[in-house]
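Protein chains in written order, with my numbering: chain A, 375 to 453; chain B, 9 to 407.
Ideal placement from N, C-alpha and C gives every residue a C-beta, glycine not left out.
Since this is a predicted model, take the numbers as computed values, not measurements.
Heads up, the thing below is written out as structure tokens.
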Amino acid sequence: MDRAATVDRIAALIAPFNKKGVAITEASTFAGDLEFDSLTVMDFVAAIEDEFDIIISMNQQAEIETYGQLIDAVVKLQG
Amino acid sequence: MTDLFSKFDALIAQREGLLATGVTDPFGLVMERVISPTVAVCNGRETILLGTYNYMGMTFDPDVIAAGKQALDDFGSGTTGSRVLNGTYAGHRAVEQALKEFYGMDHAMVFSTGYQANLGIISTIAGKGDYIVLDIDSHASIWDGCKMGDAEVVPFKHNDIEAMEKRLKRIPEGAGKLVILEGVYSMLGDIAPLKEMIRIAKEHGAMVLVDEAHSMGFIGPNGRGVAEDQGVLDQVDFVIGTFSKSVGTVGGFCVSNHPKFEIMRLVCRPYVFTASLPPSVVATAATSIRKLMHGADKRAHLWENSRTLHKGLRDLGFQLGTAEPQSAIIAVIMPDLERGAGMWEALLHEGLYVNLARPPATPAGMTLLRCSLCAEHSAEQVQTIIGMFARAGKAAGIL
Numbered sequence: 375m376d377r378a379a380t381v382d383r384i385a386a387l388i389a390p391f392n393k394k395g396v397a398i399t400e401a402s403t404f405a406g407d408l409e410f411d412s413l414t415v416m417d418f419v420a421a422i423e424d425e426f427d428i429i430i431s432m433n434q435q436a437e438i439e440t441y442g443q444l445i446d447a448v449v450k451l452q453g
Numbered sequence: 009m010t011d012l013f014s015k016f017d018a019l020i021a022q023r024e025g026l027l028a029t030g031v032t033d034p035f036g037l038v039m040e041r042v043i044s045p046t047v048a049v050c051n052g053r054e055t056i057l058l059g060t061y062n063y064m065g066m067t068f069d070p071d072v073i074a075a076g077k078q079a080l081d082d083f084g085s086g087t088t089g090s091r092v093l094n095g096t097y098a099g100h101r102a103v104e105q106a107l108k109e110f111y112g113m114d115h116a117m118v119f120s121t122g123y124q125a126n127l128g129i130i131s132t133i134a135g136k137g138d139y140i141v142l143d144i145d146s147h148a149s150i151w152d153g154c155k156m157g158d159a160e161v162v163p164f165k166h167n168d169i170e171a172m173e174k175r176l177k178r179i180p181e182g183a184g185k186l187v188i189l190e191g192v193y194s195m196l197g198d199i200a201p202l203k204e205m206i207r208i209a210k211e212h213g214a215m216v217l218v219d220e221a222h223s224m225g226f227i228g229p230n231g232r233g234v235a236e237d238q239g240v241l242d243q244v245d246f247v248i249g250t251f252s253k254s255v256g257t258v259g260g261f262c263v264s265n266h267p268k269f270e271i272m273r274l275v276c277r278p279y280v281f282t283a284s285l286p287p288s289v290v291a292t293a294a295t296s297i298r299k300l301m302h303g304a305d306k307r308a309h310l311w312e313n314s315r316t317l318h319k320g321l322r323d324l325g326f327q328l329g330t331a332e333p334q335s336a337i338i339a340v341i342m343p344d345l346e347r348g349a350g351m352w353e354a355l356l357h358e359g360l361y362v363n364l365a366r367p368p369a370t371p372a373g374m375t376l377l378r379c380s381l382c383a384e385h386s387a388e389q390v391q392t393i394i395g396m397f398a399r400a401g402k403a404a405g406i407l
């Protein structure tokens with residue numbers, strides 16, 4: 375899967391979770407900039423998993439801090 | 009020097025803020041004297057206990073007490089050793105035999121706490137390259153067992169059958185899979201649709217572990233739990249349970265029909281590297297478990313108590329964790345921590361103890377007043393409790 379197409383799909387998925395309308399860059403952090411709490415993380419991860427038919431385990435989630443890292447992980451998990 | 013405690017500053021500030029309002033510290037209560045399974049003296053006054061998980065009221069059972077005293081005389085105060093060295097006494101074998109008979113299973117392994125049972129079994133059986141699929145509202149001991157092992161951990165939305173199935177489908181072919189569920193979820197007191205979930209787990213080649221800590225003794229025809237009640241206990245690979253609720257003492261266990269189960273005694277670190285339970289504890293547990301096999305009348309009264317309290321609180325206008333009573337836990341949902349702590353204190357002044365539960369223990373950031381009923385609560389006590397809730401609810405501005 376090419377990265378640009380993945381970026382577009384993730385951008386559409388994150389919009390409803392970005393309640394404060396933060397301007398998201400690849401350096402944006404989920405915990406800091408986006409202020410995602412654990413419940414939001416769970417729902418957002420589930421949405422990503424269902425969209426791309428992948429698993430992002432808790433172990434992998436621990437390595438993902440920024441929006442850019444999430445895109446990279448999703449590209450990689452799609453093989 | 010970086011103060012390693014600075015990570016707790018936010019919690020310290022929240023706690024100080026709460027106590028500054030003048031409310032009694034809800035996490036510092038002392039039981040000065042315990043009169044029965046349902047009554048203790050707190051702050052010098054007699055208090056009805058409605059937050060103990062002492063579901064079957066076995067803590068003061070005369071046969072249980074006598075067995076404990078006899079074991080103290082015969083075997084001493086402690087074993088001072090691991091189960092695999094000098095810490096297995098006749099009583100440890102006897103309580104494992106009682107568990108095998110209670111559940112009708114081939115193997116039983118007793119741990120020093122229920123927490124250690126989950127920690128030990130989960131971290132040992134699910135290793136590197138294996139996948140654990142678990143409910144997001146799982147107990148802390150399950151999460152800690154996942155963290156201690158090396159498996160990939162994949163949570164799904166609470167009691168969501170479809171979400172669980174989707175995740176099972178996505179696991180790479182050939183990987184080992186463990187599905188972890190609970191019979192009763194202790195925060196809201198709701199039960200799991202085990203029949204459907206276990207069927208799907210098995211279809212996808214997963215082993216299944218069910219924590220039945222909050223169902224033992226009173227759910228299911230023989231009190232074996234929610235899996236028994238839904239007719240799927242024979243499909244469960246590992247049942248985790250505890251002595252610190254219906255059994256009325258402390259300790260944890262796993263029962264299983266797995267033919268290789270006994271090897272766990274050598275490879276499970278939370279079993280090996282800790283001292284075994286004291287002789288008096290295993291003696292009280294074995295006696296209690298055998299009495300629970302014949303506890304049908306007590307069971308019926310406990311359910312009656314649960315239904316009466318649930319209806320009473322709902323009729324008063326409280327928001328409850330479940331629409332109908334599904335277990336012996338009734339969770340009363342509070343609007344926020346401040347008012348929850350205020351209501352908790354108002355109840356204590358009325359002479360009633362309940363558990364105040366708050367995030368991160370609770371789902372969805374809720375503050376709960378968690379009530380757990382006991383088979384030894386009289387019908388009259390339950391009516392008294394409903395009256396206390398009515399007065400405290402008005403005093404605290406909840407109703």
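Between residue 420(A) and chain B, the shortest Cβ-Cβ separation is below 8 Å. Taking 4 residues as the shortest admissible run, the stretch 284 to 328 of chain B contains the following complete alpha helix (DSSP H) segments, listed from N- to C-terminal end: 287 to 300, 304 to 324.
The Cβ atoms of residue 218(B) and residue 113(B) lie no closer than 8 Å to each other. For the pair residue 392(A) and residue 200(B), the Cα-to-Cα distance works out to about 32 Å. At a cut-off of 8 Å between beta-carbon atoms, residue 343(B) makes no contact with chain A.
When the alpha-carbon of residue 211(B) is set against those of 237(B), 190(B), 338(B), 172(B), the nearest one is in 172(B). Cβ-Cβ distances below 6 Å link residue 164(B) to 171, 172, 175 in the same chain, with the five nearest sequence neighbours on each side left out; the list follows chain order. Against chain B, a Cβ distance below 8 Å from residue 428(A) picks out 178.
Taking 8 Å as the CB threshold, residue 187(B) stays off the interface with chain A. Using a Cβ distance threshold of 8 Å, residue 376(A) and residue 178(B) do not count as a contacting pair. Secondary structure at residue 215(B): strand, using DSSP grouped into helix, strand and coil. Judged by their CB atoms, residue 399(B) and residue 339(B) are not nearer to each other than the 8 Å cut-off. According to the DSSP assignment, residue 268(B) belongs to no beta strand (DSSP E), since it is labelled neither H nor E. Residue 247(B) counts as buried, since no fewer than 16 other beta carbons sit within 10 angstroms of its beta carbon. When DSSP states are grouped into helix, strand and coil, residue 24(B) belongs to the helix group. Under the Cβ distance rule, residue 211(B) does not count among the residues neighbouring chain A, no pair being separated by less than 8 Å. Below the 7 Å Cβ cutoff, chain A contributes 416 as neighbours of residue 144(B), in chain order.
Around the CB of residue 23(B), fewer than 16 other CB atoms lie within 10 Å, so the residue is classed as exposed. Against chain A, a Cβ distance below 9 Å from residue 157(B) picks out nothing, because the smallest value is about 11 Å. Looking only at 392(B), 235(B), 226(B), the smallest Cα-Cα distance to residue 216(B) is reached by 235(B). For the stretch 12 to 45 of chain B, the set of positions with a beta-carbon nearer than 9 Å to some beta-carbon of chain A is empty.
Residue environment: residue 214(B) is assigned as buried (16 or more neighbouring CB atoms within 10 Å of its CB, all protein chains considered). According to the DSSP assignment, residue 237(B) belongs to the alpha helix (DSSP H) that extends over 234 to 237. Under the Cβ criterion (8 Å, minimum of three pairs), the stretch 101 to 120 of chain B does not count as touching the stretch 145 to 160 of chain B.
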